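Read through the structure below, which is laid out as structure tokens, and then see the notes.
Chains as they are written, first to last, in the numbering used here: chain L, 641 to 800; chain G, 22 to 877.
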């Protein structure tokens, strides 16, 4: 018993004739959608009580906790090298990127001028960041991901 | 029918709009409201009143009163005087039997009035009591507003949008605009909302109109109804500039068609170029209202008489009409023929939103108006709402004996007097008894009059009577807007779609959707006993407890011991509350010295996480708790062939010796790193595999390929019952403790301390009140869960779980029994469908009591 490899999607290996394929929890919900980018398989590492490396996007959740966003391949290195407790939450959080301030205002009561922030989006707890140019990224528990996408698509319809 | 173009008219004469009213086309201009267009077409009667079905016409032209309510495109109670006319709209009268001009229900006014005073239905229709449903149906049919068309379904889309601003200004009049401009000049983000459809010029801030602020809630939250969009505005500062509302005078005939508020007539002239009448009489109490004479003259309306109530407050005003239309008015005995009577008392500051926010409302006896004061932080009043309504004098409560106080609900002066005579002496009680102020105007036009009448009748003043509590919504709002889009987030496991594809019967379990079965639960259970099955258990709560104090933390939380749990081993655990009651159960796997992997029940995951975090904050131990519930998918591969299946998928040693019962191992399964726990909730050789959720479908497919057949919750419930494994919340309730649940072995009362220890010690000393034990039925009948245990003809326990077990060949279950009955082979009776059926206590598992198969 050593690491927590069972938490890391990136630790799966093709071996003994097996070829593991990760699937996004939003795969079906996003079929036929427009303007939504799936961020579910983006690397996400929660860091508690450690220093976030300078070259990684870090969203502070609490004074003690930081969410690091990275390319999936980068997770292993971050888990290895950062100080403090680092947990691979790639599988825990689904995410989408979308465009439109009005759409966002119908999804959440978070103040969009003060991002990143955590709060309810489409009725579920989420972390929201701005990617500039009226684009936003939303991260939420993967098990409710389909429901968030449904809400987003319904609202897109209402705005169309 | 229109006047020559007015300076600031809202209509665009170059664009025509056509809608239908009662099936006939009505031509309007763009910018018209439905009300102004109908008035232009010659219509004067717009509605029939709530109770007496009296004719009513335009009164305020500002959306405050109920007189112009019509059904528009199937939506009832639309205030047509502020509803923009749009092409193709279908407009219909409401609350009439027949037509607006010939409403059969007006018989209530003509002959029924003496018999229908306020609250009559409580007195005259109370006997015989069994007929009340008939009376009620009848009353609801003849009184009221428009009807909701229940067959229409969801035809209209409503949305809600959140807005955060520095300053919200409610009301776009002079003061509101000034406040908004000043705030914008300071660099604040400003939003101004105004209930009128008028256009605003280029302003350095955002304007939403027409839109009504419905209330002011805690934390500066203001819901704003903007058509089919509800804005939830959160503002650092709220400026209320809702102005003042002209107050109707109370006199006989004050509801005749042709009696209007001065501002209403002014709007018809200025905004819609309409001539409100031919010959007018004006009675008003302030300069602004009196200045309407200029508009009237410009529109060619002859002004027969003008009364300034500050100079002369007449004793008697009496309006006469024919077929509900005004013909003449007599003022202190002096008669004037007229078809338009503009009558208003002193304007009343529209303080309702301020009162909702917590402002103090006091009576200004010198001017005869209620004014807001003591505003809460972050809320301001600007302009007329703050009391800036010019020089005023108090006027009479009523001008003559009679007339309506409340035109929304047809509450007459005599109704108020009667309520008082019957003992409803506070204004709050009067409101509830007479329904004054409870109609669509929400007291805008009747609150002050009703208070004033109560004050006069009781020989006191308005300050002593006080106001009623202001509550949202301040403006009528459609239910669709309040309900908005319904959206209930369900939790789906990473494998969910595979279950659906396999035809599973998916049910709610807490917030999760889970397969109940894949069509044949007994066959699924049989398969687990005979070959190998697989069940999706991703819904289990999963927590990582990490840190130097992790052992100490768990020792304090659980009644059993974890300090002696070796890395790589798993132990069952039950969490107790401080009161010793069973809270949740699950397994604890020790990954290494200071890392533990804890599972909880599916429905208990959130509360256990909260419980852990709460105690961690209390004890301040060096422990981190990480919620991994959604991060990991989990499956249980169970059955005599489970080992063979697993052996073909992993390089890890899964031999009986290398991977014993209650061992925990990490290893790749089909290339996916897994935490493997050898545990057996379903009673057969089994492995729980926990792994990163993105591989849920992949690993499920691999296991299916290797022969594992899926089983659902129903099969799991049969299998676990064969082992007498409890389900917290099903077999236990908020009163159950570990000792009574027959799990004495798990409570280590020799430990220093743990949550619930004191309570369990007391319970032990007291002895069990009842015990949870297994039972089998004598004749194979399966009693319903919840069935009563009967002893000496009385209830003495209950069945918590019951199933038919093909494996055991019996109907089996778990039940709470009196301790003296809870002995092996004891017999007792269960009431099943009214009959008593024999059952026998079984203290040991029905299947594999020694656990040979489980541990094989």
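The beta-carbon is built from N, C-alpha and C at its ideal position, and this holds for glycine as well. Since we're looking at a predicted model, the values are computed, not measured.
(request) Could you confirm whether any beta carbon from chain L is found closer than 8 Å to the beta carbon of residue 692 (chain G)? (result) Taking the first residue of the second chain as 1, we reach residue 692 (chain G) at position 671. Answer yes: the Cβ-Cβ gap between residue 692 (chain G) and chain L drops below 8 Å somewhere.
(message) Which residues of the stretch 646-680 of chain L have a Cβ closer than 8 Å to any Cβ of chain G? Give them in chain order.
(response) Listed in sequence order: 646, 647, 648, 649, 651, 652, 653, 654, 655, 656, 658, 659, 660, 661, 662, 663, 664, 665, 668 and 680.
(request) Give the single residue among G:541, G:535 and G:539 whose Cα lies nearest to the Cα of residue 624 (chain G). (result) Against the second chain, residue 624 (chain G) aligns to sequence position 603. The shortest Cα separation from residue 624 (chain G) among G:541, G:535 and G:539 belongs to G:535.
(request) Can you tell me which of the three DSSP states residue 859 (chain G) falls into? (result) Residue 859 (chain G) sits at position 838 when you count from the first residue of the second chain. Three-state result, residue 859 (chain G): strand.
(request) For residue 751 (chain L), collect the residues of the same chain with a Cβ closer than 8 Å to its Cβ; drop the 5 residues on either side in sequence, then sort them by chain order. (result) Translated into the one-based positions of the first chain, residue 751 (chain L) becomes position 111. These residues qualify, in order along the chain: 757.
(request) Give the interface partners of residue 712 (chain G) over in chain L, defined as CB-CB distance under 8 Å, in chain order. (result) Here residue 712 (chain G) refers to the residue found at position 691 when the second chain is read from its first residue. Against chain L, a Cβ distance below 8 Å from residue 712 (chain G) picks out 646.
(request) Return yes when the Cβ of residue 461 (chain G) is within less than 8 Å of the Cβ of residue 497 (chain G), no when it is not. (result) Here residue 497 (chain G) refers to the residue found at position 476 when the second chain is read from its first residue. Here residue 461 (chain G) refers to the residue found at position 440 when the second chain is read from its first residue. The Cβ atoms of residue 497 (chain G) and residue 461 (chain G) sit closer than 8 Å to each other.
(request) Look up residue 753 (chain L) in the DSSP assignment and say whether it is helix, strand or coil. (result) By 1-based counting over the first chain, the position of residue 753 (chain L) is 113. The answer is coil: DSSP assigns residue 753 (chain L) none of H, G, I, E or B.
(request) Please list, in chain order, all residues of the same chain as residue 465 (chain G) whose beta carbon is under 6 Å from its beta carbon, the five residues on each side excluded. (result) Start at 1 with the first residue of the second chain, and residue 465 (chain G) comes out as number 444. Here the set comprises 85 and 266.
(message) So with CB distances below 7 Å, who are the chain L contacts of residue 14 (chain G)?
(response) Absent from the structure is residue 14 (chain G), since the part of chain G shown begins at 22 and ends at 877.
(request) Would you mind working out which of G:231, G:188, G:193 and G:198 sits nearest residue 212 (chain G), comparing C-alpha positions? (result) Locating residue 212 (chain G) in the second chain gives position 191, where the first residue counts as 1. For the residues G:231, G:188, G:193 and G:198, the minimum Cα distance to residue 212 (chain G) belongs to G:188.
(request) Would you tell me roughly how many angstroms separate the C-alpha atoms of residue 702 (chain G) and residue 581 (chain G), rounded to the nearest one? (result) Position 681 of the second chain, counting from 1, holds the residue named residue 702 (chain G). Position 560 of the second chain, counting from 1, holds the residue named residue 581 (chain G). The C-alpha of residue 581 (chain G) is placed about 19 Å away from the C-alpha of residue 702 (chain G).
(request) Count the C-beta pairs between the stretch 683-690 of chain L and the stretch 699-716 of chain L that are closer than 8 Å, then say yes if the count reaches three, no if not. (result) Touching, per the Cβ criterion.
(request) Would you mind telling me which residues of chain G sit closer than 9 Å to residue 702 (chain L), beta carbon to beta carbon, in chain order? (result) Within the first chain, residue 702 (chain L) is the residue found at index 62, counting from 1. Near residue 702 (chain L) there are no residues of chain G at all, since even the closest Cβ is about 12 Å away, more than 9 Å.
(request) Determine the direct distance from the alpha carbon of residue 793 (chain L) to that of residue 745 (chain L), and round the result to whole angstroms. (result) Sequence index remark: in the first chain, residue 745 (chain L) carries index 105 (1-based). Sequence index remark: in the first chain, residue 793 (chain L) carries index 153 (1-based). Taking the straight line from one Cα to the other gives about 14 Å.
(request) Evaluate the contact criterion for the stretch 167-186 of chain G versus the stretch 499-514 of chain G: three or more CB pairs, one atom per stretch, below 8 Å. (result) Because the criterion of three Cβ pairs below 8 Å is met, the stretch 167-186 of chain G and the stretch 499-514 of chain G touch.
(message) Tell me which residues of the stretch 683-695 of chain L have at least one Cβ-Cβ distance to chain G shorter than 9 Å, keeping chain order.
(response) Close to chain G, meaning a Cβ-Cβ distance shorter than 9 Å, are the following residues of the stretch 683-695 of chain L: 686, 688 and 689.
(request) Would you decide whether residue 878 (chain G) is buried or exposed? Buried here means 16 or more other CB atoms lie within 10 Å of its CB. (result) The structure shown does not extend to residue 878 (chain G), since chain G is modelled only from 22 through 877, so no value can be given for it.
(request) Could you give the DSSP three-state label for residue 795 (chain L): helix, strand or coil? (result) If you number the first chain from 1, residue 795 (chain L) lands on position 155. Residue 795 (chain L) falls in the helix class under three-state DSSP.
(request) Tell me the start and end of each unbroken beta strand (DSSP E) in the stretch 310-345 of chain G that is at least 3 residues and wholly inside, in chain order. (result) List check, beta strand (DSSP E) in window: 323-329 and 338-343.
(message) Does residue 779 (chain G) pass the burial test, meaning 16 or more other C-beta atoms within 10 Å, or should it be called exposed?
(response) Looking up residue 779 (chain G) in the second chain gives position 758. Under a 10 Å Cβ-count criterion, residue 779 (chain G) is classified as exposed, with fewer than 16 other Cβ atoms of the shown protein chains found around its own Cβ.
(request) Give me the Cβ distance between residue 751 (chain G) and residue 822 (chain G), rounded to the nearest whole Å; I'm assuming they're in contact under 8 Å. (result) Counting from one through the second chain, the residue named residue 751 (chain G) turns up at place 730. Counting from one through the second chain, the residue named residue 822 (chain G) turns up at place 801. With a Cβ gap of about 6 Å, residue 751 (chain G) and residue 822 (chain G) count as contacting.
(message) Let's test the definition: count the other Cβ atoms within 10 Å of the Cβ of residue 769 (chain L) and tell me whether it reaches 16, buried, or not, exposed.
(response) As a working note, residue 769 (chain L) is residue 129 in the first chain. If you draw a 10 Å sphere on the C-beta of residue 769 (chain L), you find 16 or more other C-beta atoms in it, and that means buried.
(request) Answer with yes or no whether the minimum CB distance from residue 765 (chain L) to chain G is below 8 Å. (result) If you number the first chain from 1, residue 765 (chain L) lands on position 125. For residue 765 (chain L), the answer is no, since every Cβ of chain G falls outside 8 Å of its Cβ.
(request) Count the other C-beta atoms from every protein chain shown that fall within 10 angstroms of the C-beta of residue 854 (chain G), then say buried if there are 16 or more, exposed otherwise. (result) Here the question's residue 854 (chain G) lines up with position 833 in the second chain. Taking all protein chains in view, the Cβ of residue 854 (chain G) is surrounded by fewer than 16 other Cβ atoms within 10 Å, so the residue is classified as exposed.
(message) Would you say residue 515 (chain G) lies against chain L (beta-carbon separation less than 8 Å)?
(response) Walking along the second chain from the start, residue 515 (chain G) turns up at place 494. Yes, residue 515 (chain G) lies at the interface with chain L (some Cβ there is under 8 Å from its Cβ).
(message) Using DSSP's beta-bridge definition, name the partner residues of residue 357 (chain G).
(response) The residue you call residue 357 (chain G) lines up with position 336 of the second chain. DSSP lists G:350 as the beta-bridge partner residues of residue 357 (chain G).
(request) Name the one or two DSSP bridge partners that residue 90 (chain G) has. (result) Residue 90 (chain G) sits at position 69 when you count from the first residue of the second chain. Note: residue 90 (chain G) sits in a beta bridge opposite G:100.
(request) Using three-state DSSP, classify residue 146 (chain G) as helix, strand or coil. (result) The sequence position of residue 146 (chain G) within the second chain is 125, counting from 1. DSSP places residue 146 (chain G) in coil when its eight states are reduced to three.
(request) With DSSP collapsed to three states, give me the class of residue 739 (chain G). (result) The residue labelled residue 739 (chain G) in the question sits at position 718 within the second chain. Correct three-state label for residue 739 (chain G): helix.
(message) Assuming the contact rule is C-beta atoms closer than 8 Å, residue 69 (chain G) and residue 127 (chain G) should be a hit. Round their C-beta distance to whole Å, please.
(response) To locate residue 69 (chain G), count along the second chain from 1; it is residue 48. To locate residue 127 (chain G), count along the second chain from 1; it is residue 106. 7 Å between Cβ atoms; contact.
(request) Sort G:507, G:96 and G:248 by Cα distance to residue 171 (chain G) and report the nearest one. (result) For this step, residue 171 (chain G) is matched to residue 150 along the second chain. Residue G:96 is the option with its Cα nearest to residue 171 (chain G).
(message) Rounding to the nearest angstrom, what Cα-Cα distance links residue 344 (chain G) and residue 314 (chain G) in this structure?
(response) Start at 1 with the first residue of the second chain, and residue 344 (chain G) comes out as number 323. Start at 1 with the first residue of the second chain, and residue 314 (chain G) comes out as number 293. Distance between the alpha carbons of residue 344 (chain G) and residue 314 (chain G): 27 Å.
(request) Going by CA-CA distance only, name the one from G:151, G:161, G:241 and G:159 that's closest to residue 191 (chain G). (result) Here the question's residue 191 (chain G) lines up with position 170 in the second chain. Here the closest residue by C-alpha is G:241.
(request) Starting from residue 394 (chain G), trace the beta strand (DSSP E) both ways and give me its first and last residue. (result) Locating residue 394 (chain G) in the second chain gives position 373, where the first residue counts as 1. Per DSSP, residue 394 (chain G) belongs to the beta strand (DSSP E) from 390-394.
(message) Which residues in chain G have a C-beta closer than 7 Å to the C-beta of residue 810 (chain L)? List them in chain order.
(response) For residue 810 (chain L) there is no data in the structure shown, the boundaries of chain L being 641 and 800.
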